[in-house]
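I have placed the structure first, in the form of structure tokens, so that the comments after it can refer back to it.
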Ligand code: BEZ
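Numbering (the numbering used here), first residue to last: 5 to 270.
As structure tokens, then:
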């Protein structure tokens, strides 16, 4: 997972849909009272809290100390830890939920093995994240703007597999795949600068080098003051390129495609 500096408040105010839209993942996991459930990549804690409300004993883990801290503040008493999904070092859970995080982990085999190790045999996984084709229009607009500005190609930190590829990853880690869905989920972004805010938060690699001093340093970070004007202008250009495809009915829509999987540890 890249070393992004998450702005947990911006995440909650502008990107609350991340957990809201994944909420039915909790139903898919169907936690039972007293089960031990891990929320792998708990963000600011909404799903972990929903699992706790169903009577489960929940541990939330997030790689970002800022996110974990905010989750603990929002939901007092919740067991929240900072940890790396590729190396959780946990075991004995009845179920694992993971929403909107596995696309940040290109080392998919390692992450799947770590999730499998966290489960007891027969334990259940329900996971959702960006699948093949996710945010293709946003990324294409940003890459075209980079090329026109003479900026070098920016390697992607994202992992957006298709069903067959990810089923192989899960099976290789010792899971039996019980369900898999790949579907479009156009997602409304708040504000007239919706795509720009999204890119600042989630796509700092696509802003790298803008303004000549390295661009933004992390999620929600506008970068050095000297860069700020150049980054603003670049983001405005990206939005204009994305407009024909992503601006509809007076709002910006991110072209999300979700991969949702359920699996059982053999
Ligand atoms: C997603 O939720 O699909 C996503 C979020 C951040 C970066 C890339 C994809």
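The beta carbon of each residue, even a glycine, is placed where N, CA and C say it ideally should be.
Could I get the ranges of all uninterrupted alpha helix (DSSP H) runs contained in the stretch 103-134, with 4 residues as the minimum, in chain order? 112-122
Under the criterion of a Cβ to heavy atom distance below 7 Å, does residue 86 qualify as lining the ligand BEZ? The count along the chain shown starts at 1 and reaches residue 86 at position 82. Not so, every heavy atom of the ligand BEZ lies at least 7 Å from the Cβ.
For residue 225, name the three-state secondary structure that DSSP assigns. Start at 1 with the first residue of the chain shown, and residue 225 comes out as number 221. Interpretation of residue 225 is limited by its pLDDT of 49, a score under 50 that renders its predicted location unreliable; the figure taken from the coordinates is listed afterwards. If DSSP states are grouped into helix, strand and coil, residue 225 belongs with coil.
For the beta strand (DSSP E) holding residue 214, just list the boundary residues, first then last. Translated into positions along the chain shown, residue 214 becomes position 210. That residue, residue 214, is in no beta strand (DSSP E); it is neither H nor E in DSSP.
Does the structure place the stretch 234-248 close enough to the stretch 177-192 that three or more beta carbon pairs sit under 8 Å? no
Answer with buried or exposed for residue 180, where buried requires no fewer than 16 other C-beta atoms within 10 angstroms of its C-beta. The residue labelled residue 180 in the question sits at position 176 within the chain shown. Counting Cβ neighbours within 10 Å, residue 180 comes out exposed, since fewer than 16 surround it.
Which runs of the alpha helix (DSSP H) spanning at least 4 residues fall entirely within the stretch 227-265, listed in chain order? 229-250
Does DSSP put residue 49 in a helix, in a strand, or in coil? As a position in the chain shown, residue 49 is number 45, starting the count at 1. Coil.
What residue does the alpha helix (DSSP H) around residue 202 start on, and which one ends it? Locating residue 202 in the chain shown gives position 198, where the first residue counts as 1. Looking at the DSSP string, the run of the alpha helix (DSSP H) that includes residue 202 is 198-206.
Tell me whether residue 180 sits in a helix, a strand or coil according to DSSP, three-state version. For this step, residue 180 is matched to residue 176 along the chain shown. Residue 180 falls in the strand class under three-state DSSP.
For residue 69, which three-state DSSP category applies? Taking the first residue of the chain shown as 1, we reach residue 69 at position 65. Helix, per DSSP.
Could you give the first and the last residue of the continuous alpha helix (DSSP H) run that contains residue 28? Taking the first residue of the chain shown as position 1, residue 28 is located at position 24. Start and end: 28-33.
Taking a contact to mean a Cβ-Cβ separation below 8 Å, would you say residue 259 touches residue 141 in this structure? As a position in the chain shown, residue 259 is number 255, starting the count at 1. As a position in the chain shown, residue 141 is number 137, starting the count at 1. It is a contact, given that the beta carbons lie within the stated cut-off.
If residue 102 and residue 121 are in contact, beta carbons under 8 Å, what's the gap, nearest whole angstrom? Sequence index remark: in the chain shown, residue 102 carries index 98 (1-based). Sequence index remark: in the chain shown, residue 121 carries index 117 (1-based). About 14 Å separates the two Cβ atoms, so there is no contact after all.
Along the chain, where does the alpha helix (DSSP H) that runs through residue 152 open and close? Here the question's residue 152 lines up with position 148 in the chain shown. Element bounds for residue 152: 140-152.
DSSP on residue 359, reduced to helix/strand/coil? Residue numbering for the chain in the displayed model covers 5 to 270; residue 359 lies beyond these limits and cannot be assessed.
Residue 135 to residue 216 span [Cα, whole Å]: Walking along the chain shown from the start, residue 135 turns up at place 131. Walking along the chain shown from the start, residue 216 turns up at place 212. Each residue's Cα considered, the two are about 32 Å apart.
Under a three-way DSSP split, which group does residue 55 fall into? Here residue 55 refers to the residue found at position 51 of the chain shown. Correct three-state label for residue 55: helix.
Between which residues of its own chain and residue 53 is the CB-CB distance below 6 Å, once the five residues before and five after are set aside? Counting from 1 along the chain shown, the entry for residue 53 is found at position 49. For residue 53, where only same-chain residues beyond five positions count, the Cβ hits under 6 Å are 79.
Applying the 10 Å Cβ sphere with the 16-neighbour rule, what's the burial state of residue 91? Numbered from 1 along the chain shown, position 87 holds the residue referred to as residue 91. Exposed is the call here.
By a C-beta neighbour count over all protein chains shown, 10 Å radius and 16 as the cutoff for buried, is residue 183 buried or exposed? The residue you call residue 183 lines up with position 179 of the chain shown. Residue 183 should be labelled exposed.
Could you work out which residue in 196, 197, 214 is closest to residue 149 when comparing CA atoms only? For this step, residue 149 is matched to residue 145 along the chain shown. When each option's Cα is compared against that of residue 149, the closest is 214.
Which residue's Cα is closest to the Cα of residue 248: 144, 171, 203? Position 244 of the chain shown, counted from the first residue, corresponds to residue 248. For residue 248, the nearest C-alpha among the options comes from 144.
Of the listed residues 60, 256, 46, 61, nearest to residue 194 (C-alpha basis): Walking along the chain shown from the start, residue 194 turns up at place 190. Taking only the C-alpha atoms, the option nearest residue 194 is 256.
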